[in-house]
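Beneath this line is the structure, given in structure tokens, with notes to follow.
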Amino acid sequence: MGSKYPPSVRGCLPLWTIALELAFLVIFFFFTSYDTSAQDPKELMGIYRVLQDVTIMAALGFGFLNSSLRRYGWSSVAFNLFLLALGVQWAVLMDGFLEWSFYKKVIIKLSSIKLATMNAMSVLISVGAVLGKANLLQLTVMALVEVTAFVAVRMVDRKYLGTDNHTSMMYIHVFATYFGLMVTWCLSRSLPVAALVEKHQTTKNSSLFTMLGTLFLWIFWPSFNSALLDIPNERKTAVFNTYYALAVSAVTAISVSALSHPRGKINMTHIHNAVLAGGVAVGASCHVIATPWLAMVLGFMAGLISIGGALCLRAYFNRVLGIHDTCGVHYTFGLPGLLGGIVYILLTFYEVTWTKNSMVFFQLFIDTGVLSLAIASGLIAGILTGLVLSLKIWKAAHVTKYFDDQASWEFPHLAVGF
Amino acid sequence: MGSKYPPSVRGCLPLWTIALELAFLVIFFFFTSYDTSAQDPKELMGIYRVLQDVTIMAALGFGFLNSSLRRYGWSSVAFNLFLLALGVQWAVLMDGFLEWSFYKKVIIKLSSIKLATMNAMSVLISVGAVLGKANLLQLTVMALVEVTAFVAVRMVDRKYLGTDNHTSMMYIHVFATYFGLMVTWCLSRSLPVAALVEKHQTTKNSSLFTMLGTLFLWIFWPSFNSALLDIPNERKTAVFNTYYALAVSAVTAISVSALSHPRGKINMTHIHNAVLAGGVAVGASCHVIATPWLAMVLGFMAGLISIGGALCLRAYFNRVLGIHDTCGVHYTFGLPGLLGGIVYILLTFYEVTWTKNSMVFFQLFIDTGVLSLAIASGLIAGILTGLVLSLKIWKAAHVTKYFDDQASWEFPHLAVGF
Amino acid sequence: MGSKYPPSVRGCLPLWTIALELAFLVIFFFFTSYDTSAQDPKELMGIYRVLQDVTIMAALGFGFLNSSLRRYGWSSVAFNLFLLALGVQWAVLMDGFLEWSFYKKVIIKLSSIKLATMNAMSVLISVGAVLGKANLLQLTVMALVEVTAFVAVRMVDRKYLGTDNHTSMMYIHVFATYFGLMVTWCLSRSLPVAALVEKHQTTKNSSLFTMLGTLFLWIFWPSFNSALLDIPNERKTAVFNTYYALAVSAVTAISVSALSHPRGKINMTHIHNAVLAGGVAVGASCHVIATPWLAMVLGFMAGLISIGGALCLRAYFNRVLGIHDTCGVHYTFGLPGLLGGIVYILLTFYEVTWTKNSMVFFQLFIDTGVLSLAIASGLIAGILTGLVLSLKIWKAAHVTKYFDDQASWEFPHLAVGF
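Chains as they are written, first to last, in the UniProt record's numbering: chain F, 1 to 418; chain G, 1 to 418; chain S, 1 to 418.
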């Protein structure tokens, strides 16, 4: 019950993901080879460490960050792993195809896997908004489209707008948020919000798992923000600033959440949202901020707008716009990412003015363009993907089965009254 | 109730583990000393990082991987830590005694602790099959025997069969699996399978803890597969191949599990089993595979046979052979390990043929011998250990107390109806 | 109900933490700047790795270590993060102000953040004893006082008693324990112990979360003990000794816990307490112990006294002294830390005697002084803080609301019967 498709049809859907995996295999066979050049072993281990940090964030951090729904914990963690594993493979290919020529093979380096993992994180961010409303096949399609779009946007940024690798990556937060919001808008138009309250309940333990994911992200965020910086001193500055912004946003999140409640009680969902806001907000400008207080101000403001957004906008988004943001992606990544983008533009403008560069307005124009491009492409690609995903060919679960592990998991051994 | 031995007798059993620890202390006093040679501090930190990765896998990964049983979570995690701590001490001694002469002391280096941790992992793999059917004293005996046997097999591999350090270690999966299966065969002969169904239930939260362990192993598996390779380029290739095999086996596991169910539902136990299969299968040959597609094929096949085995063989093993494999060790480590061993033999054979080496069949013979030795010694050592452990002197818990934390844990503060 | 203060008053309390955060911001604005000197990038990454290890211990390890109380899991983890984020900021300032002159700005390096995180850990240790009896504002005050006191004690150690950076840090365990015990003594004088039994219950899952925290601490403890050692060989020795002491104390903890129960059952609380005791005990002397057996003896003794203390002293502390030690901080950190301090004094004495140094008794006197200073300052600062915190101005929760997440958390989405 719950699905109007006969079991035999639904059982065949995974064939598509297997076919996709085999297609990947063939593409890798024809078009890729490993990097076999000799390299300084210590440098190699340095890149490997950063890759591990990023993978921990992607698999453990994002996996458990979205596991707070009482009935959707298994899907959150396992689908996250699935999308990560798939997204990384696709991102390596996309990065290779868009950057190198078609005549020679794509060379796979450790650093290209690192970059691919970061690109694939865009999917993991978006999925936080979509989770519970799409089946695995829909998520797979979404992952492929999103990775393609994000890699393409980054290539445009770098080739035509002169943005560096780091900055174009840091707009991942706004791109992925608005992509996810648009997809969830298309999928949740018919969502009977009131009826889902029961499924949106959390439990003490699932909140602790979410906290575990949040802490992994909190700890390794400095690695993420400094992963694409090559100059050692910029890396150091990025680590400093991210560390300070995160520390301040953790303190702010807990204080402001208590302040916003008439009896001073803290809301766990606010914490999950706002603790990371500092790291997001400081992302784009973490290598140019020269003093701790500026990073701290950013962390403070990010914590404020993250909780402020969750308090003021959530009902509006849910009821009026009909955008149902499952895990509050808009408040964790979207708004702080916007803040970070604006601050980066202002900082660059200020710096350029200071050096009395005549190009000052041109630079302002370009920087604004890069941020707008990230938002616009996220919105457009998201709405297109969402429209495609709301077609009936995907055999999505019925709306009564939303946010329920039982739609996709077998529970043979499960106790009755857990 | 439940045990036919008077409390005073059972209470004295831990004395043996304390006595053993004191015996270790005396042996370390007489026969070991620290490595005090000056070393490049950065190289040192490199080894320390790998040691940390391997310890995370052993303590957190294996600890939580086996925690899915509803009533056996505490024992899984705590006994795992106990066996790791004990196994590492014993493995350092064994490695030292078998490799150096008796005239001088065993020198303990960081790399020998790393090696010892990897040797001790054989116990943590086997214990997955035995868990719930043996008390701590039986597990201790098993750990001592298994570490000794595994270190001895590896010494034979290296000294008489010319195998390198890495390859002989990678047969840990087949050795440990068949060791564990034999031990559990001896212990579970009288197991009333039907009556244990209730104890085999899992809960949502314990499955999430298992997922946590699985993810830790998934993330750090590239470190494990490259830990014993010295040539930087081989390490890099090993990391690449392991990463790709794991990514593909994660995708395959989730897809195939859904495909094998008539209504397309995924089985969590399959995921725990098959997600890691790619890393296991690629182990032995991860430093010689030169292209990503081959690693991906291996990952795909490993995922397939892992789930296929769990679907087809589990009932046969449980009912017909009477081998009760608590956590599906055979499907996570055994079958993929076998696949990996065979692929390694074929790859070496192919490479040797290619170079028109006249020793080609001799090499094939040797390689097959190494794999067979690992399996045979696992089976024989396992059956001997199992027979010893099924003696009554160990005062094992009664069969009705199997898979139950209450046999070995005090619950003073526990809520009644949790 | 439960609080005699009107909601509006309690709701305003978080204003103080926000004001504090803004004050920090202003201080950082005027008095600090980043270290911008060029540095060897590999050395930099080495420090960053250690910083990450220490942060994992602080955020994940201590966060989950204290989460075993059935109704206090959320507070344990979130307050821990709050105090860490706040404590690190304050410790960076304190370290800077006490060590550099007031004329120039405090330079923030990666290593000063590392040091600040370690200083802030003193708060995380103490909080284990206080948890459940103080609101967030009280904990904030406690954190500020404790970090100040600990940094001051360490400065006295280094400037006037000639202690090195490492040793003065390793007395963190005794300092923080006695600080925490004194604070909890002042706060728990009116505690109706019998009535709280129900709230002290643990659950299977919350114990697994605690085990997760314990394992993180266990795995990264060698990083903590070697973090402040500069000579590579001393670092190596510190890692060796910590590793061995931890391995032995894990084995001892589980064995002795089973031995102390008439029917050989293991107590989970003992495990959480005693598994880490080896790492604590070996802290002060981990760089001078030259043989594994001595580290193992220390680990064994630490495990023994940790469980022995928990068995014999807990009731005495609870009933007679009225010191209610929520998470057994005295047995995890206090007693093993004392043992470690005494062993360090004896080892130094023995070494000095051996070299026929005439200063032998002077050295003994100094070393004893350093240990006594740590204990005495912990006791005095703790009792003063406790007295201040037991004033009514802090609007603490009523005693019936102790150990209850509901005093500080909003549960909007929580299921009724979880």
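In this text, a Cβ means the ideal position worked out from N, Cα and C, and glycines have one as well.
Item: From the beta carbon of K133(S), is the nearest beta carbon of chain B less than 7 Å away?; Value: The structure shown has no chain B; the protein chains it does contain are F, G and S.
Item: Measure from the alpha carbon of L60(S) to the alpha carbon of each residue in F220(S), H398(S) and N135(S), then state which is nearest.; Value: F220(S)
Item: Taking DSSP as the reference, what is the three-state secondary structure of L13(F)?; Value: coil
Item: Using only the alpha-carbon positions, how far apart do L136(G) and F79(G) sit?; Value: 7 Å
Item: Just to confirm my understanding: we take A290(S), look at its own chain, exclude 5 residues before and 5 after, and list those with CB closer than 8 Å. What are they?; Value: T237
Item: Quick one, are the C-beta atoms of D95(F) and V183(F) less than 7 Å apart?; Value: no
Item: Excluding sequence positions up to five away, which residues of its chain have a Cβ less than 7 Å from the Cβ of I254(F)?; Value: I266 and I271
Item: By a C-beta neighbour count over all protein chains shown, 10 Å radius and 16 as the cutoff for buried, is A91(S) buried or exposed?; Value: buried
Item: Counting only beta-carbon separations shorter than 7 Å, does Q89(F) have a partner in chain G?; Value: yes
Item: From which residue to which residue does the beta strand (DSSP E) around Y34(G) run?; Value: T32 to Y34
Item: Using a cut-off of 7 Å between C-beta atoms, extract the partners of V77(G) located in chain S.; Value: L208 and M211
Item: Counting only runs that start and end within the stretch 73–152 of chain F, where is the beta strand (DSSP E) found for 3 or more residues in a row?; Value: 106–108
Item: So with CB distances below 7 Å, who are the chain G contacts of T355(F)?; Value: In chain order: nothing, as chain G lies at least about 38 Å away.
Item: Should the stretch 34–44 of chain S be called in touch with the stretch 148–164 of chain S, which here means at least 3 C-beta pairs below 8 Å?; Value: no
Item: Using a Cβ-Cβ distance cut-off of 7 Å, determine whether F240(G) contacts chain F.; Value: yes
Item: Spatial neighbours of S285(F) within its chain, please: CB distance less than 6 Å, with the 5 preceding and 5 following residues excluded, ordered by chain position.; Value: V343, Y344 and L347
Item: Using a beta-carbon distance below 7 Å, is S168(G) in contact with chain F?; Value: no
Item: Taking the C-alpha atoms as reference points, what is the distance between I56(G) and A227(F)?; Value: 23 Å
Item: Tell me, to the nearest whole angstrom, how far the beta carbon of L139(S) is from that of G386(S); I am working on the premise that it is less than 8 Å.; Value: At roughly 12 Å, the Cβ-Cβ gap does not stay under 8 Å, so L139(S) and G386(S) are not in contact.
Item: Drop a sphere of 10 angstroms on the beta-carbon of F64(F), count the other beta-carbons inside from all chains shown, and report buried for 16 or more, exposed for fewer.; Value: buried
Item: Starting from the C-beta of Y171(S), find all residues in its chain whose C-beta is less than 6 Å away, skip the five residues before and the five after it, and write them out in chain order.; Value: A374
Item: Could you give the first and the last residue of the continuous alpha helix (DSSP H) run that contains Y243(S)?; Value: P232 to L259
Item: Can you grab the Cα-Cα spacing for the pair I320(G) / A396(G), in whole Å?; Value: Checking the sequence shown, residue 320(G) turns out to be Val, not Ile. If I take the Cα positions, the gap works out to 24 Å.
Item: Rounded to the nearest angstrom, how far is the Cβ of G303(F) from that of S249(F), given a contact under 8 Å?; Value: 4 Å
Item: Can you tell which of S67(F), L131(F) and H166(F) has its C-alpha closest to the C-alpha of L115(F)?; Value: H166(F)
Item: According to DSSP, which residues form a beta bridge with I266(F)?; Value: W409(S)
Item: Is the stretch 271–281 of chain F touching the stretch 293–309 of chain F, taking contact as three or more C-beta pairs under 8 Å?; Value: yes
Item: In the DSSP output, which residue or residues are listed as bridge partners for T291(S)?; Value: DSSP output for T291(S) lists no bridge partner at all.
Item: Can you tell me whether T355(F) is helix, strand or coil according to DSSP?; Value: coil
Item: Excluding the 5 residues preceding and the 5 following V145(S) in the sequence, name in chain order all residues of the same chain whose CB lies nearer than 6 Å to its CB.; Value: T385
Item: Strictly by DSSP, which residues pair up with T163(F)?; Value: T163(F) is not bridged to any residue.
Item: In chain order, which continuous runs of the alpha helix (DSSP H) of length 4 or greater are located wholly inside the stretch 31–72 of chain S?; Value: 41–56 and 62–65
Item: Count the other CB atoms within 10 Å of the CB of K392(F); is the residue buried (16 or more) or exposed (fewer)?; Value: exposed
Item: Is T17(G) buried or exposed, if buried means 16 or more other CB atoms sit within 10 Å of its CB?; Value: buried
Item: Check T326(F) in the structure and name its three-state DSSP category.; Value: coil
Item: Could you tell me which chain S residues have their CB closer than 7 Å to the CB of N119(F), listed as they occur along the chain?; Value: Within chain S, no residue comes near N119(F); the closest Cβ sits about 23 Å away, beyond 7 Å.
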